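Below is one structure, written out as structure tokens; comments come after it.
Chains as they are written, first to last, in this note's numbering: chain A, 1 to 449; chain B, 1001 to 1336; chain C, 2001 to 2440.
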């Protein structure tokens, strides 16, 4: 699972050597295994005074998940914290959060490897007083900064409640759980806005997608195949889609996940109709993952029309056309998750076409969100950072090592599974309060705005 | 040819042999005896028929199986006409190697063969076999003579085969005048090519270099013109040539017991020999499909019988050199 | 188009849900060292993936291969065991030369119609690149004798009979066992008999390539073919061929017939590797699973001709089977929307059509009152056939059935009227199988 370097520096000799040389020592990230404990140790819930009630509500929910919940740092004894949840949802002044954040700070040295920090706050909204807005907005930078302090595979992420969402709403809890869990192994430094949710709170956390029909494009290999596997693991019936030329591996993926293979070029004019048709035979479309994408890297100065156009057609225009067809068909409760990229946020040399397309994905996701929301659905995007795939294996060593070690706080590339976990979360009923968002799965790489 | 009568002409004497002679020894005698047999005056055939009674076939099972496998006859206890020909061949050869048989064994050209199975002969039956020579008559290039072989079971005529051979340069008893033969039969071996056009084939036989040796092994006819290239060259052929009876027997097998029935007539006329190895195109057709409207010339009258192929029953077969107009053989297989 | 209904016997319908094949590849190219079992398993896996049949226990899987090693005595069952289907799915091998695939379909659909099974896959596979090599008869006989011998001495004696030349392997041939003529030579004879011209044959070949290429380009095969071993399309297809190029090819069959030889590598089907599979079921089974129904497998007929003695051409059996099938279903040629006539050779198609147009032939050989009729050539092999796609013997039936089913489904969807396809496959041994596929 981990790359060779990560394995080396976590072994006996490599561990010693890398310490003496001051080399990066990426941790072996803990990933989801069914029936394993949610966190690696007890979870501390701290808050400012005003947010105590919300903190209590969260602590109660955590206990229903069989988590060992503590309310004061002293409760831990010798144990290392599996997670610390900082609740600042009701704080009204910057000064009021001081005690709580310092309490969190006091626990960080005792945070276990693969431990979790989750900051639960409210988003600054129109009409907030400047003080309140400052109080709320502060948590965003705070969360990212905490993430950069953490080591040994620990992460810091934020649940940012919007639109008056209740702290113990299904979506708030679902997002909190995702961040606490091993499913968010490569998600770090992210603050995810979560709106009100109508999702029922009795969630089957092992099979959250049971009874759902999901379509994954570009599913023949790499991230797409991992998405198909993860959605199937979570209980969905999966239709895997890829270009006809990729049909052999596509069929293998379909048979592995007990799904259905559809050989389809997503740029085809009737791709949306074909996708609906395929899903109809399984009971109707619930989840669509726009994963199909291509790279045609070239400096803009040397870019040929075919290179630009192909990337736009596959990565962006196809998603737009398919979404239009699905919206026109009135598909209800549809979860759309599109693959963006950190390149779409930060750009990449020789990737003007790719970055345009991925940035465009982020744009259309925000615009599509209210449209699908009318039918009870959501549209979100996931922006992977450096993911270890066959594609990235072809990147030159130096560039690859920078992407892996230097940029991300987690000092390593992610796995296709990490992207898939984020997508499975955004596809799940519990994430219905998350709409129009871009969730980065990048190990907190320093790319971006 | 007197098919309906059985036995040798009334004037012939009968010589009874204790058993069927061995072909190998006969052949040595035949070769030696051939030397002295030169054309001198009109040919006079020995008026003697050889006869062997009590020929047991029980021991022939392996021989029959080898024959059937080589020719493509289905495995069966019924002896095909070709096998009966092989069985009686040593006795006919014995006639031809007699000192008073005027024609040399070596150099006889097999012109045609007509055989009839009048009653199926089964493995295990005890046979009476007889053979004689008759009817020496004029051929354009010499004299032709019939070697007749008969097989009887329980006194009943089961098989009769008439093999017609040409001895070049010899003279018939009736003097040098041409016999009233059908024009296309008598000069068969040298029929002009232009007169015949190959029909569309129904089969193609790839005959390997060992074809002559293989048939020699089951038929006993180890004549070197069939079994070795050198032997063939000694007689003026560029390579070994296939046994004519092998090609005819293959055609017979091809039609098979289901279509020829228990009793049948099997004829063949030979033209140019088949050089080995070689590819022979064959047309084995229903006589009715091979009717004159179909192009190829009608079946020669000498090879038809009153109720046979001419009436559109049974099969006619033709063989020629693949891709050429060189005719090798033609014959009929007609249920009786 | 006729609205004449097909007489439906008092049995259930057998429907075609869909098909899958691997791209066909010319012998000795992509699928070298790929076995029949490998290829048929791949065809099955693609079909399972297309319709989500993982772990499903089907009524049965039937199919076969024409060139089959004796170790593959249970070829289809072994393929099922290597697939994602439930291992409790029974299977059996079928062999009817080039009609194997279609005959397998006839067999399983009859069982479905009788109610013996609810679902089935029929198909076939063939490889020339991985064909079994046979030892010579003499070597075989010696080995068998040695095996049967009781003593070491006996064994050695038997083995001593082996001569060096006996060790040369014998490759399987497409020659007819009784005539020793290759299929091409046989067809050359039939071609000569019917006076089919080189130009007509080349045109059939040209159309086959053009039609197949167009179908590929239009995505017609996107849900009929799953790539295999890096091959994504039939590699025999020559979209760039032209009548001029075809006209330049030298004849390869019929050169020894004394007639003008007309059959070339261009208008004859090459030896090909490949596999295909088609999913059939009762209507209820498909509906329960909400699987698409493309078409009904209405009826089928097989025929054989007396070719051994030249009375009829080797590949002319479909000419006899079709009138019988049409008559039983109260149909005429005009009632057919698509003619899927397997192109063993371009001239096979043409001699079949010529036979149907020949009044004398139809009277005397087919027992009809007059000519069966002339077909509209624009309905012939509209998405290409074996000349372009190639012809892995037992796999051709499945290719054609799936193509025909999709064609009639599309036509019916477009016109709102029922559409029919007539499938015709000739086979070695003077055999032929034909079938009617109709939209639902």
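Cβ atoms here follow ideal geometry from the backbone N, Cα and C, with glycine treated the same way. All values reported here derive from a predicted model rather than from experimental measurement.
*Partner residues on chain B for residue 2363 of chain C, Cβ-Cβ distance less than 9 Å*: Those within 9 Å of residue 2363 of chain C in chain B number zero; the least Cβ separation is about 16 Å.
*residue 49 of chain A (DSSP reduced to helix, strand or coil)*: In the displayed model, residue 49 of chain A falls within a helix according to three-state DSSP.
*asked:* Just to check my reading of the structure: residue 2294 of chain C and residue 2018 of chain C have Cβ atoms closer than 8 Å, yes? What is that Cβ distance to the nearest angstrom?
replied: In this structure residue 2294 of chain C is in contact with residue 2018 of chain C, their Cβ atoms being roughly 6 Å apart against a cut-off of 8 Å.
*Taking all protein chains shown into account, decide if residue 125 of chain A is buried (16 or more other Cβ within 10 angstroms of its Cβ) or exposed.*
That one is exposed.
*Quick one, are the C-beta atoms of residue 2237 of chain C and residue 2345 of chain C less than 8 Å apart?*
No. Outside cutoff.
_Does chain C have any CB closer than 8 Å to the CB of residue 1201 of chain B?_
By this cut-off, residue 1201 of chain B is an interface position.
*Spell out the partners DSSP gives residue 261 of chain A in its beta bridges.*
Paired residues: A:240.
_Taking 8 Å as the threshold (beta carbon to beta carbon), is residue 2384 of chain C in contact with chain A?_
At a cut-off of 8 Å between beta carbons, residue 2384 of chain C makes no contact with chain A.
*Excluding sequence positions up to five away, which residues of its chain have a Cβ less than 6 Å from the Cβ of residue 2231 of chain C?*
Closer than 6 Å at the Cβ level, and outside the excluded window around residue 2231 of chain C, lie 2023, 2025 and 2030.
*asked:* Looking at residue 312 of chain A: is its Cβ nearer than 8 Å to the Cβ of residue 272 of chain A?
replied: The beta carbons of residue 312 of chain A and residue 272 of chain A sit no closer together than 8 Å.
*Local conformation of residue 95 of chain A per DSSP, three classes*: Shown here, residue 95 of chain A sits in a helix according to DSSP, grouped into three states.
_Under 8 Å, Cβ to Cβ, is there at least one residue of chain B near residue 2152 of chain C?_
No - not a single Cβ of chain B is within 8 Å of the one on residue 2152 of chain C.
*Is the Cβ of residue 1237 of chain B closer than 8 Å to any Cβ of chain C?*
Not one chain C Cβ lies under 8 Å of residue 1237 of chain B.
*Paired residues, beta bridge with residue 1243 of chain B - DSSP*: Bridge partners of residue 1243 of chain B: none, in fact.
*Could you tell me the distance, in whole angstroms, from the CA atom of residue 371 of chain A to the CA atom of residue 144 of chain A?*
In this structure, the alpha-carbon of residue 371 of chain A lies about 31 Å from that of residue 144 of chain A.
*Taking contact to mean at least 3 C-beta pairs separated by less than 8 Å, is the segment 1273–1290 of chain B in contact with the segment 1222–1242 of chain B?*
Yes, the segment 1273–1290 of chain B is in contact with the segment 1222–1242 of chain B.
_residue 175 of chain A vs residue 150 of chain A beta-carbon contact at 8 Å_ = Taking 8 Å as the Cβ cut-off, residue 175 of chain A and residue 150 of chain A do not qualify as a contacting pair.
*Which residues mark the beginning and the end of the beta strand (DSSP E) in which residue 193 of chain A is found?*
That run of the beta strand (DSSP E) goes 191–194.
*When you compare each of A:383, A:373, A:32 and A:304 to residue 206 of chain A by their alpha carbons, which one comes out closest?*
It is A:32.
*asked:* Considering just the uninterrupted stretch of the alpha helix (DSSP H) at residue 2060 of chain C, what are its terminal residues?
replied: Counting along the chain, residue 2060 of chain C falls outside any alpha helix (DSSP H), though it belongs to the beta strand (DSSP E) covering 2060–2064.
*chain C contacts from the segment 201–217 of chain A (Cβ-Cβ distance under 9 Å)*: Within the segment 201–217 of chain A, not one residue has a Cβ closer than 9 Å to any Cβ of chain C.
_Backbone CA spacing between residue 78 of chain A and residue 50 of chain A [nearest angstrom]_ = If you take the alpha carbons of residue 78 of chain A and residue 50 of chain A, they lie about 29 Å apart.
*Within 8 Å (strictly less), CB to CB, does residue 410 of chain A reach chain C?*
Using beta-carbon distances, residue 410 of chain A does not count as an interface residue toward chain C, since no partner is under 8 Å.
*asked:* What does the Cβ neighbour count give for residue 171 of chain A, buried or exposed, with the cut at 16 atoms within 10 Å?
replied: By the 10 Å Cβ count, residue 171 of chain A comes out buried.
*Identify every residue that forms a DSSP beta bridge with residue 1168 of chain B.*
Residue 1168 of chain B is bridged to B:1142.
*Are residue 1981 of chain C and residue 2433 of chain C closer than 8 Å when you measure CB to CB?*
The shown model of chain C, from 2001 to 2440, leaves out residue 1981 of chain C, and the question about it has no answer.
*If you compare alpha carbons, which of C:2145, C:2343, C:2315 and C:2164 is closest to residue 2181 of chain C?*
Scanning C:2145, C:2343, C:2315 and C:2164 for the CA closest to the CA of residue 2181 of chain C turns up C:2315.
*Who are the neighbours of residue 163 of chain A on chain C, taking C-beta pairs under 9 Å?*
Within 9 Å Cβ-Cβ: nothing; residue 163 of chain A doesn't reach chain C, min ~38 Å.
_Contact with chain A by residue 2469 of chain C, beta-carbon distance below 8 Å_ = Any question about residue 2469 of chain C goes unanswered here, given that chain C covers just 2001 to 2440.
_Please list, in chain order, the chain C residues whose beta carbon lies closer than 7 Å to that of residue 1206 of chain B._
Within 7 Å Cβ-Cβ: 2180.
*Is there at least one Cβ from chain B nearer than 8 Å to residue 2359 of chain C's Cβ?*
Chain B, which has no Cβ nearer than 8 Å to the Cβ of residue 2359 of chain C, makes this no.
*Supposed close pair residue 1106 of chain B, residue 1166 of chain B - CB separation, criterion 8 Å*: The beta-carbon distance between residue 1106 of chain B and residue 1166 of chain B, rounded to whole angstroms, is 13 Å. This is too long to meet the 8 Å contact definition.
_Considering only their Cβ atoms, is the gap separating residue 355 of chain A from residue 363 of chain A smaller than 8 Å?_
No; because the gap between Cβ atoms is not below 8 Å, this pair is not in contact.
*Within this structure, are the beta carbons of residue 1993 of chain C and residue 2094 of chain C separated by less than 8 Å?*
Missing from the structure shown is residue 1993 of chain C; chain C here goes from 2001 to 2440 and no further.
*Given residue 298 of chain A as reference, the closest of A:349, A:408, A:330 and A:266 once Cα atoms are compared*: Nearest neighbour of residue 298 of chain A by Cα position, chosen from A:349, A:408, A:330 and A:266, turns out to be A:349.
_My parser needs the beta strand (DSSP E) runs of 3 or more residues fully inside the segment 2308–2335 of chain C; what are they?_
Counting whole runs of 3 or more residues, the segment 2308–2335 of chain C contains no beta strand (DSSP E) stretch at all.
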